[in-house]
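Worksheet: one structure, shown below.
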Amino acid sequence: MSHAPKDAAARRAVPPVICYPTETLPQPDLALYAAVRDDATKQAELLVKPRDAACFRVGAGQFFRITSVEGPQVGDLNLWHAADMSERFYSGKTRALHGTHVTTGDRLWSSFPAMRPLATIVADTLDWYGIDAFGGSVHDVIGTRCDPYTGNLLAGSQYHHCCHSNLTRALADDLGIALHQAERHVHDVLNVFMCTGFTRDTGQYFMKKSPVRPGDYLEFFAEVDLLGALSACPGGDCSAEHSSDAAACFPLLVEVFAPRPGLLADWTPPTLNGYDGSHGR
Ligand SMILES: [Zn+2]
């Protein structure tokens with residue numbers, strides 16, 4: 006351990022500066038979305054089986070809702086632009102803009118060079134939770150996704166129903182491609198309903214029993230045509246462990262709602278990022 010300098014306390018006392026103030030971030034028209042949603046009709050639904058994943062498609066201007074059914078369960082969500090899967094959900098930039106956990110009004114941003122909102126959260130029945138005494142909150146963009154590689158590294162295991170593998174199988178089946186091709190598209194997730202944070206003393210990533218109960222939901226407005234994949238995590242409510250078959254696991258419901266034709270006539274999907282891409286050359 007290095008010796009602290011004489012002015013250590015003064016250096017620590019410097020107040021933080023928000024990296025990305027969001028006052029100039031283009032804001033979603035939540036009132037328009039709410040008005041459109043009132044009149045929307047259900048187009049499709051699917052049930053994601055426990056310790057498994059499924060894909061779904063949502064058109065630009067449609068809504069999708071993820072609901073806890075039967076028992077407390079967390080879900081790992083991947084999103085891609087349906088027409089170009091190289092544009093996909095960027096958990097790190099979403100975290101940098103909106104914070105460690107997301108809720109109503111926050112947006113799920115896409116990778117470079119597009120960097121635009123793929124979806125906007127329009128409803129969250131767990132928004133009452135806030136930040137608990139441990140620093141935990143719900144719907145994080147700080148985790149990655151449970152995966153068999155980390156399990157193997159830490160415990161020598163060969164477990165095949167982590168979210169990473171579930172998403173890989175679901176995408177391979179949906180697109181009719183090989184597992185190794187599908188795996189390249191799987192990316193860091195939005196941890197739907199998961200309650201997580203970093204420990205205050207060691208800064209380690211923690212999870213705790215999710216406050217989700219059957220009937221709770223998180224709902225999104227699709228800003229572009231989306232391909233989604235959702236895994237019902239083998240951790241169940243993530244109260245004890247993941248990456249095994251030990252936890253009680255439940256399905257998750259995905260529903261897609263379409264607006265009444267004409268109601269979005271004045272709405273335009275977000276455009277590609279305006280940076281010219283020349284990188285100084
Ligand atoms: Zn998982």
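Start counting the sequence shown at 6; every next residue gets the next number (the numbering used here). Think of the CB as a built atom: it goes at the ideal place given N, C-alpha and C, for glycine as much as any other residue. Note that this is a predicted model, so its numbers are computed, not measured.
Mind checking whether H86 and S115 have CB atoms under 8 Å apart?
Going by C-beta atoms, H86 is nearer than 8 Å to S115.
Taking 7 Å as the cut-off, is the beta-carbon of S236 closer than that to any non-hydrogen atom of ligand 1?
Yes - ligand 1 has a heavy atom lying nearer than 7 Å to the Cβ of S236.
Taking just the CA atoms, how far does A183 sit from H165?
Whole-angstrom Cα-Cα distance: 16 Å.
Nearest-angstrom Cα distance between K213 and D221?
In this structure, the straight-line span from the alpha carbon of K213 to that of D221 is close to 17 Å.
Quick check: C168 and C254, are their CB atoms within less than 8 Å of each other?
Cβ atoms of C168 and C254: not closer than 8 Å.
Taking contact to mean at least 3 C-beta pairs separated by less than 8 Å, is the stretch 123-135 in contact with the stretch 202-209?
The stretch 123-135 is not in contact with the stretch 202-209.
I'd like to confirm the pairing. Which residues does DSSP put opposite G233 in its beta bridges?
As computed with DSSP, G233 is found in a beta bridge with F61 and L84.
Touching by the beta-carbon criterion (3+ pairs, under 8 Å), the stretch 129-144 and the stretch 35-43:
By the Cβ rule, the stretch 129-144 does not count as touching the stretch 35-43, because fewer than three pairs are nearer than 8 Å.
On the DSSP bridge assignment, give the partners of N157 in chain order.
DSSP, once it has assigned bridges, lists no residue as partnering N157.
Between G135 and ligand 1, is the CB less than 7 Å from at least one heavy atom?
In this structure, G135 has its CB at a distance of at least 7 Å from all heavy atoms of ligand 1.
In the structure shown, what three-state DSSP assignment does P66 receive?
Strictly speaking, residue 66 in this sequence is Gly, with Pro absent from that position. Note: G66 maps to coil in three-state DSSP.
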